[in-house]
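In my numbering, the protein residues as written are -6 to 58. Positions of the beta carbon are idealized from the N, C-alpha and C atoms, including for glycine.
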């Protein structure tokens, strides 16, 4: 039987502004990455949120290409 990895670290959520600052991109570029599914995003009302771990994974994936 396989064991699922358990991560006891709390998940950090980032707003669009913080993701744009972290990546050094514009709002339209972030929207494009979100629409293309390159960066997973989660909507709550009128706001978009991003898991910090997924942003970091996307960054690492881009560096390894």
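Contiguous beta strand (DSSP E) elements confined to the stretch 17 to 41 occur at 35 to 37, taking only those with 3 or more residues. Under the three-state reduction of DSSP, residue 8 is assigned to strand. Around the beta-carbon of residue 23, 16 or more other beta-carbon atoms lie within 10 Å, marking it buried. For the 8 Å CB-CB criterion, residue 43 and residue 7 form a contact.
With fewer than 16 other beta carbons inside 10 angstroms of its own, residue 28 counts as exposed.
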